[in-house]
Structure formats: structure tokens, C-alpha cells
Amino acid sequence: MCICINCNYVKKCSIYRLIEKHHQQFDINSQKIEKLFIPYSFVININILSKSESRLDWDVVECVSFIEAPGKWLHK
Ligand code: SF4
307 MCICINCNYV KKCSIYRLIE KHHQQFDINS QKIEKLFIPY SFVININILS
357 KSESRLDWDV VECVSFIEAP GKWLHK
């Protein structure tokens, strides 16, 4: 599971935007140009879900910039 969903920076983090793009949850029309947070020293784990369909699952599993904020990704 991606740790970003419980991180205080999830709404403005450049790396989480990248993860969303790979999960195809990124709505480019709803995004305005803004300064994004650049986290320090993170690890992305990429799992192959289906070789034939080229489906990958991207998760941030470690990040020095992580600040715990349970359920932060659910808040507007
Ligand atoms: S855990 Fe790191 S990569 Fe994920 S949202 Fe927080 S700062 Fe960004």
C-alpha cells in the first residue's frame, strides 16, 4: 500500500501526482498550475500485476518527508 494516502503532503506532492498518473486517477482538467512539494529521499515499489496487459502497481513505500496525517487523501 502506498504510504502517501496518510501523508500530510499528499494533495500537493509531485511524487504522488506521478503515482496518480500511473494509476490513471490524475484528472488533468481539474489541475491548475501550482507549486508542488518535492519530497526528499523516497522509494517507489513497482509490482507487475499482469505481464500480458502491462499492468503495474506503483506505491511509495518509504519517504523521509512523510508526515503522518491519517486519511489526508480523503479530505478536500
Ligand atoms: S509520503 Fe513522500 S512521496 Fe508520498 S505524499 Fe508524502 S511526501 Fe509525497
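End of the sequence shown sits at 382 in the numbering used here; the numbers just go up one at a time, nothing left out.
Idealized CB from N, CA, C, for every residue including glycine.
Residue i: CB within 7 Å of a non-hydrogen atom of the ligand SF4
i, result
"ILE309", "yes"
"ILE321", "yes"
"SER360", "no"
"VAL366", "yes"
Straight-line Cα distance separating residue j from residue i
i, j, result
"PRO385", "SER356", "The question about residue 385 has no answer here: the residues shown for the chain are numbered 307 through 382."
"LEU380", "LEU362", "23 Å"
"VAL349", "TYR315", "16 Å"
"SER371", "LYS378", "15 Å"
"LYS318", "GLU340", "9 Å"
Residue i (DSSP reduced to helix, strand or coil)
i, result
"SER320", "helix"
"GLU326", "helix"
"LEU362", "strand"
Neighbourhood of residue i by C-beta, 6 Å cutoff - its chain only, sequence neighbours within 5 removed
i, result
"ASP365", "CYS308 and ASN351"
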